[in-house]
Structures are given as structure tokens and as C-alpha cells.
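Visitor: Got a structure for you, written out below as C-alpha cells; questions coming shortly.
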Amino acid sequence: MRPDELEHLQLSRLRETIERVQHVPFYRDLLAQEGVRAEDIRTLEDLQRLPFTRKQDLRDGYPFGFFAVPLSRVVRIHTTSGTTGKPTVVGYTRGDLDRWSDLIARNLTMVGLTENDVFQNAVNMGMFTGGLGFHYGAEKVGMTVLPAGTGNTRRQIEMIDDFGVTAIHCTPSYAMHLAEVAEEMGSDLPSLKVGVFGAEPWSDATRNDLQDRLGVTAYDSYGLSELFGPGVAFECPEQDGLHIWHDSYLVEIIDPATGEQLGPGERGELVVTPLVKEAMPLIRYRTGDITMLLEDDCPCGRTRRIARFSGRVDDMLIIRGINVFPSQIEHILMALPEVGDQFMVYVDRNEHHLDEMTIHVEVKRQYFSGELADLARIQQKIVRTLRDTLELRTAVQLVEPGSLPRFEGKARRVVDRRTNV
Ligand SMILES: [Zn+2]
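The sequence shown begins at 528 in this note's numbering and counts up by one.
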């Protein structure tokens, strides 16, 4: 679609969305308060006049407070896995389910899957949107779909082998487990060629590992239940950033602290206005996920991409007014050959009320002592690399390999010792 045609479509769908949300008391009150009407939205720039919607708003609307249609028109309900309190409820009309399946079908087609593929859907089939979402999307492509669910991993491996499964969808951590069990069983899964992994953040190192061990090309899939579910953004065969379907989702990146829109190349929070949701339309939904718009067009021919996700807003540190994500520090450090397995970040406020960040970095054994050891040079190199990428001066202290704390499960690598932030 030509850029001007796309913009026209987005704008008319945005206006329809604003009309649809008038059936939701939360939005009706909020928009009246802000004095915004659908006819006031003349260009996409006017999107910024609309208020944000936060996860907490949806929680407060439990269970059906955000439905814009009567329950008689809602043909399915999913919920998000709330770790605390009540889950968030999402509803779908028949048209929503059709459009959602279409989006997933587009993603699967984008990576070359066709009706000739056999698709094993190895995720939870219940209230989690990843299961049924991919099920109907893959059926829409015409693939032969196995609703395998999770668990019974040896049986999953047998199915891959016996049914000639060519594509698998699961979480990256379950994929890692599948690889281990396949190795134990002595199967190298010869039929498998595509892996679709989502619902958890995963690194490029994990990608390489999974590609080697499962013999697949691994693609990152992004979505969230509030925006239908999976299918919001997906990698193309270039495996370098994710494409978003701009006819269905209006995308902004904002500074999570100020709410201001950010330009390409600036990392911030992804905010999405879904344009084709009927049962539960949303305006400027703050996903809490951190990414950035990528500047140049993709070699695959599709325009516009976002970078792979690099953490959650909740993890963000603001140091001397600069937003820093622990995942950025990890990314920078792990790319340096001299750096060992662990690091710890300490944030303090000095007597001049200035923030200071100190990073303790383990150095690999061969660089810590012996012939290759040149700690002063390594320290300077790390300081320089961090400064160039974060645009922030940090203190770096090199420490002996194995001396920093180890974590089981999620690592807690940041100690914020500032008292008044
Ligand atoms: Zn592409």
C-alpha cells in the first residue's frame, strides 16, 4: 500500500475506533473530560491529543468494563496471566476472531509457510491467547495443524518425527527443553525447518543456540492479549527487527517518563492503538515493553520495523535524566570478549545530588591474570564503549571471575541506592 493510502486508512480507522470507544464508560468520561471528539482527529498527529490507556485501567474495569459491544456479540473471552490479583479480561466478536486469524496468517506466510507445512502448536491452548490464536491463524494458511499443547515432551518429539512436522510454535524456553529431550532420544528432528518463538523475551544467543540444536530458522513473535494476542509484530526472513501490520495497529514510541513521542533510533515504550478491534477497542495502550523504531526500510521490501524488545519499563533507570535499561548494559558488556559471566550495577546519588552509576564487571580468567591481563586497558575499553552507547559516563570496576553473586531464575543485577527516587 502506498504511504498516503495507508495514512488515509489509518486515519479513518482511528476515527472509527474513537466512535466505538464511546460505548465504554471509561473512555466516554475521559474523552469528554479532555474535550476530544472523533471529528477533532484530522491527521495522525492529532493522536497525541488522546489520553493513554494503562494496564491498571483495564484491571479496574474487571471483568467486562472495557467491552464496547453487548456480551451477546462477544463470542470468545481470553484472560491475561495476572501474577497478582484478578487477570485482565479480553473479548472478541466473530469479526475480531477473523481479523486476528488473518494477522497471524500474514505473519506465518511472511516467513514462507504454506498449506504444504505441518504446524505443531506446542503452547497452552487455554485462556492464554498464544494457543488458539496460532491455531486458527495456521489453519487459515491451510497448514496441517497439531494442537499439541505443552508437556509430554517425548510424545511431542515423536509427533514431530512421525508426522513430519515442519514448523513449531512454542516459548523459547520450552524450545530449549525440546532440544535437550530430542538429543537424549537421539533424534535430530530432520523435518523441522521453522521455529516461531514468543511470549517471553529471548536473546540472539538463544536464537543461535535454538537454530543449531533444532535445525530451524527461529523467528520472534510479539503480541499481547490486550491487542488480540500474538500477531502484533513478527520477524521477516531478514531476522533483523519486527514488522508491525500498520493497517491494524498504530504505533508510537514514547519516553515512559514524560509521555513525549520519540523518533527513530530512540529507545522507549511501545504504545499501540489497535485499529480493527470491535469488542474491546483501546486507545494509546501503554504496553510497558521497550523497543525503538528502526530508521531504514527492510531489505525484504516491507517498510518500517521495530527493534527486538529490550526489557520492560518497570526495569528502567533514570540516571542524570537519561533513560538506561539494564538489558542495554548487558548487551554492551556481553559483546566484549574480555568480559566474564556476571556484572552488577550500583546507582548512587553523590553529595552534589548527582546520580552515579558504578558497574562491577567480572573479567574472564585468562584476562584477569597471566599474559593477556591488562586490566587498565580493559577497564578503559569498557568505560568508552558504555559511554558511546548510553551517552552516559559510568564508573567501571573489574572484579575476579566468580566473585559476584549468582542468581537462580531471574537475575537481579541492579542495586539502586538512591533514597529519593
Ligand atoms: Zn523485513
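Virtual Cβ for every residue (Gly too), placed ideally from N, Cα, C. Computed from a predicted model, the values in this text were never measured in an experiment.
Which same chain residues, not among the five before or five after Pro-757, have their C-beta less than 7 angstroms away from its C-beta?
Guide: Same-chain partners within the cutoff: Ile-631, Thr-656, Gly-657, Gly-660, Phe-661, Gly-725, Ser-748 and Gly-750.
Visitor: Helix, strand or coil, according to DSSP, for Ala-985 in the structure here?
Guide: Given a span of 528 to 948 for the chain in the structure shown, any question on residue 985 remains unanswerable.
Visitor: What residue does the alpha helix (DSSP H) around Asn-643 start on, and which one ends it?
Guide: That residue, Asn-643, is in no alpha helix (DSSP H); it is neither H nor E in DSSP.
Visitor: Could you tell me if the beta carbon of Pro-578 falls within a distance shorter than 8 angstroms of some heavy atom in ligand 1?
Guide: Pro-578: no, Cβ never under 8 angstroms from ligand 1.
Visitor: Could you round the C-beta distance between Pro-826 and Gly-639 to whole angstroms and report it? I think they count as a contact, below 8 angstroms.
Guide: No, Pro-826 and Gly-639 are not in contact; Cβ-Cβ is about 15 angstroms, not under 8 angstroms.
Visitor: Sorry if obvious, but does the Cβ on Gly-618 come closer than 8 angstroms to a heavy atom of ligand 1?
Guide: Result no, Cβ not under 8 angstroms from ligand 1.
Visitor: Given a threshold of 16 other Cβ atoms within 10 Å of its Cβ, counted over all protein chains shown, does Asn-1006 qualify as buried or as exposed?
Guide: This structure leaves residue 1006 out entirely; the chain is present only between 528 and 948.
Visitor: Specify the secondary structure class of Val-548 as computed by DSSP and reduced to three states.
Guide: If DSSP states are grouped into helix, strand and coil, Val-548 belongs with the helices.
Visitor: If I follow the unbroken alpha helix (DSSP H) through Gly-664, where does it start and stop?
Guide: Run containing Gly-664: 656-668, per the alpha helix (DSSP H) assignment.
Visitor: Looking at the structure shown, is Asp-584 part of a helix, part of a strand, or coil, going by DSSP?
Guide: It is helical.
Visitor: Would you kindly work out how many angstroms separate the C-alpha atoms of Val-548 and Pro-808, rounded to a whole number?
Guide: Roughly 6 angstroms between the two C-alpha positions.
Visitor: Does the Cβ of Gly-768 lie closer than 8 angstroms to at least one heavy atom of ligand 1?
Guide: Yes, since a heavy atom of ligand 1 falls inside the 8 angstroms radius drawn around the Cβ of Gly-768.
Visitor: Can you list, in chain order, the residues of its chain whose CB lies under 8 angstroms from that of Val-759, leaving out five sequence neighbours each side?
Guide: Counting only Cβ-Cβ distances below 8 angstroms, and skipping sequence neighbours, we find Leu-630, Tyr-749, Gly-750, Leu-751, Ile-771, Trp-772, Tyr-776 and Val-799.
Visitor: Give a single yes or no on whether Glu-822 has its beta carbon closer than 8 angstroms to a heavy atom of ligand 1.
Guide: Outside the cutoff, so no.
Visitor: Helix, strand or coil, according to DSSP, for Val-948 in the structure here?
Guide: Its pLDDT being 45, under 50, Val-948 is placed unreliably by the model, and nothing is read from it.
Visitor: Alpha carbon to alpha carbon, how far is Phe-836 from Val-948? Give it in angstroms, no decimals.
Guide: Low confidence applies here, because Val-948 scores a pLDDT of 45, under 50, leaving its location unreliable and the question unanswered by this model.
Visitor: Return the chain-ordered list of same chain residues with a C-beta closer than 7 angstroms to the C-beta of Val-672, the five sequence neighbours on each side being excluded.
Guide: These residues qualify, in order along the chain: Phe-646, Asn-648, His-662, Ala-665 and Glu-666.
Visitor: In terms of residue numbering, what span does the alpha helix (DSSP H) encompassing Ile-913 cover?
Guide: The identity of residue 913 in the sequence shown is Leu, whereas the question assumes Ile. Start and end: 902-917.
Visitor: Please name the residue in Gln-869, Thr-814, Met-703 and Arg-626 whose C-alpha comes closest to that of Pro-733.
Guide: Note that residue 733 is Thr in the sequence shown here, rather than Pro. The residue with the shortest Cα to Cα distance from Thr-733 is Met-703.
Visitor: Short of 7 angstroms in beta carbon distance, which residues of its chain neighbour Arg-892, apart from the five on each side in sequence? Order them along the chain.
Guide: Result list for Arg-892: Pro-928, in chain order.
Visitor: Which first and last residues belong to the alpha helix (DSSP H) in which Asp-1003 is found?
Guide: As displayed, the chain neither begins before 528 nor continues past 948, which places residue 1003 out of reach and without an answer.
Visitor: Write down every uninterrupted run of the beta strand (DSSP E) in the segment 813-880 whose length is 3 residues or greater and which is fully enclosed by it, in chain order.
Guide: Within the segment 813-880, the complete beta strand (DSSP E) runs of at least 3 residues are 844-846, 849-851 and 866-876.
Visitor: Do Glu-805 and Thr-620 have their beta-carbon atoms positioned less than 9 angstroms apart in this structure?
Guide: The answer is yes: Cβ separation under 9 angstroms.
Visitor: Could you work out which residue in Glu-642, His-535 and Pro-552 is closest to Ile-568 when comparing CA atoms only?
Guide: Answer by Cα proximity: His-535.
Visitor: In this structure, how does DSSP classify Glu-534 when only helix, strand and coil are distinguished?
Guide: Here Glu-534 sits in helix by DSSP.
Visitor: Going by C-alpha distance, which of Val-668, Asp-625 and Val-650 is nearest Thr-641?
Guide: It is Val-668 whose Cα lies nearest to the Cα of Thr-641.
Visitor: Going by the CB atoms, is the gap between Asp-623 and Phe-761 shorter than 9 angstroms?
Guide: Taking 9 angstroms as the Cβ cut-off, Phe-761 and Asp-623 do not qualify as a contacting pair.
Visitor: In angstroms, rounded to a whole number, what distance separates the CA positions of Gly-713 and Val-650?
Guide: Straight-line Cα distance between these residues: approximately 23 angstroms.
Visitor: Among Phe-852, Gln-766, Pro-801 and Tyr-746, which residue has its Cα nearest to the Cα of Glu-793?
Guide: The shortest Cα separation from Glu-793 among Phe-852, Gln-766, Pro-801 and Tyr-746 belongs to Phe-852.
Visitor: Buried or exposed: Thr-818, going by 16 or more other Cβ atoms within 10 Å of its Cβ?
Guide: Result: buried.
Visitor: Between Glu-889 and Leu-741, what straight-line distance do the alpha-carbon atoms span, to the nearest angstrom?
Guide: Looking at the two C-alpha atoms, the distance is approximately 32 angstroms.
Visitor: Where do the N-terminal and C-terminal ends of the alpha helix (DSSP H) with Ala-732 fall, by residue?
Guide: Looking at the DSSP string, the run of the alpha helix (DSSP H) that includes Ala-732 is 731-741.
Visitor: Helix, strand or coil, according to DSSP, for Thr-677 in the structure here?
Guide: It is coil, neither helix nor strand.
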